[in-house]
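Residue 117 in the UniProt record's numbering sits at position 117 of the sequence shown, with consecutive numbering throughout.
All C-beta atoms, glycine included, are put in the ideal place defined by N, C-alpha and C.
Take a look at the structure set out below.
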Amino acid sequence: MSTPVLVFDKVRKSYGSTEALKGISFDIAPSEVVGLLGPNGAGKSTLFQIAAGLFAPDDGTVDVFGLDYKQHASEILARLGVVFQSRSLDLDMTVNANLKFHGQLFGLSGKLLETRISEVTELLEVADLRKRPVRTLSGGNQRRVEIARALLNKPDLLLMDEPSVGLDATTRRKLVDHMQVVREQQGTSILWATHLVEEVDRADRIVFIAQGEVTHMGSPAQIIETSGAATLTDAYVALTGGADAHVEPAA
1 MSTPVLVFDK VRKSYGSTEA LKGISFDIAP SEVVGLLGPN GAGKSTLFQI
51 AAGLFAPDDG TVDVFGLDYK QHASEILARL GVVFQSRSLD LDMTVNANLK
101 FHGQLFGLSG KLLETRISEV TELLEVADLR KRPVRTLSGG NQRRVEIARA
151 LLNKPDLLLM DEPSVGLDAT TRRKLVDHMQ VVREQQGTSI LWATHLVEEV
201 DRADRIVFIA QGEVTHMGSP AQIIETSGAA TLTDAYVALT GGADAHVEPA
251 A
């Protein structure tokens with residue numbers, strides 16, 4: 001069997017007396033798309049930040065590509081793509097300058113860097129915005145640029161924390177399509193943290209998290225069957241009491 005690209009083993013994290021993660025365990029296989037689904041405050045962002053190496057768990061272990069952050073952080077980060085929930089672009093630089101700077105951090109330069117920038121901006125449909133300062137873009141287009149930036153190094157694992165913030169329903173559906181292309185063409189594994197059910201209904205597996213614990217895990221079809229519901233949204237509500245589960249109406 002292939003080595004998982006990401007393994008959480010009994011991961012715990014507390015902030016003072018508040019236990020944000022209570023022994024989370026699951027893994028992600030190569031080329032697998034996993035939706036981390038749960039209400040706001042469930043612990044998704046904390047788990048995401050641990051996966052990205054920003055926090056260390058209080059207990060338990062996290063392996064990325066079979067490595068640990070304490071001894072192999074640079075090796076892990078070279079193969080990782082990250083889209084944070086908070087915006088992180090330089091607003092005064094152009095789209096192109098933001099992407100060039102980020103690409104250079106990964107050792108990309110010259111024709112290869114230009115090719116990568118062209119590929120990711122065309123995929124995310126922002127190629128015609130490359131010369132514009134980021135602050136002149138809509139929130140949705142800024143978000144697309146951030147996702148394009150995360151793909152520059154052709155990551156083996158892409159971590160996305162609420163990536164559709166600022167995107168309308170149509171653009172959100174396009175984003176799901178784009179990520180399927182990335183997985184199919186590059187073999188990228190994706191961990192997609194969200195509270196919007198429609199973003200992950202095409203994932204290989206869904207991990208439901210509530211109050212810092214994994215409550216259910218399986219393919220969308222398995223989750224629906226387990227709950228006895230008709231749709232993944234109904235299953236979410238039935239299994240987790242997810243009052244903020246959300247599906248956009250058709251455009």
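Supposed contact pair residue j and residue i - C-beta distance, whole angstroms, cut 8 Å
i	j	result
Gly212	Leu21	5 Å
Thr215	Ile223	Contact doesn't hold; Cβ gap of about 11 Å is too wide.
Ile147	Gly35	Between Gly35 and Ile147 the Cβ distance is about 16 Å, and since that is not below 8 Å, they are no contact.
Ile28	Ser138	That belief does not hold up - the Cβ atoms of Ile28 and Ser138 are roughly 32 Å apart, past 8 Å.
Gln85	Ser45	6 Å
Arg132	Val95	6 Å
Gly81	Pro4	Not confirmed; about 17 Å, so no contact.
Asp58	Ser14	6 Å
Ser219	Asp201	Actually they do not touch by this definition, with Cβ atoms about 11 Å apart.
Outcome for residue i when other beta-carbon atoms lying within 10 angstroms are tallied against a minimum of 16
i	result
Ser164	buried
Leu175	buried
Tyr69	buried
Leu54	exposed
Ala56	exposed
Val11	buried
Glu162	buried
Arg172	buried
Gly16	exposed
Thr61	exposed
Leu232	buried
Ala73	exposed
Gly43	buried
Thr18	exposed
Thr170	exposed
Ala230	exposed
Glu225	exposed
Residue i vs residue j beta-carbon contact at 8 Å
i	j	result
Gly103	Arg87	no
Leu108	Leu152	yes
Leu159	Leu191	yes
Gly166	Gln185	no
Arg79	Phe101	no
Leu157	Leu6	yes
Arg144	Leu113	no
Asn98	Leu105	no
Ala235	Ser227	yes
Leu91	Val134	yes
Ala127	Thr121	yes
Per DSSP, cross-strand counterpart(s) of residue i
i	result
Tyr15	Thr18
Val35	Checking the sequence, you will find Gly at residue 35 rather than Val. Beta-bridge pairing links Gly35 to Trp192, Ile206.
Leu6	Ile28, Val64
Val214	Ile209
Heavy atom of the ligand COA within 7 Å of residue i beta-carbon
i	result
Lys131	Ligands are entirely absent from the displayed structure, and the ligand COA is therefore not among its contents.
Practice problem: Write down every uninterrupted run of the alpha helix (DSSP H) in the segment 154-197 whose length is 4 residues or greater and which is fully enclosed by it, in chain order. | Solution: 169-186
Exercise. Just list the beta strand (DSSP E) runs in the segment 56-135, keeping only unbroken ones of 3 residues or longer that don't cross its boundaries, in chain order.
Key: 59-64, 80-83
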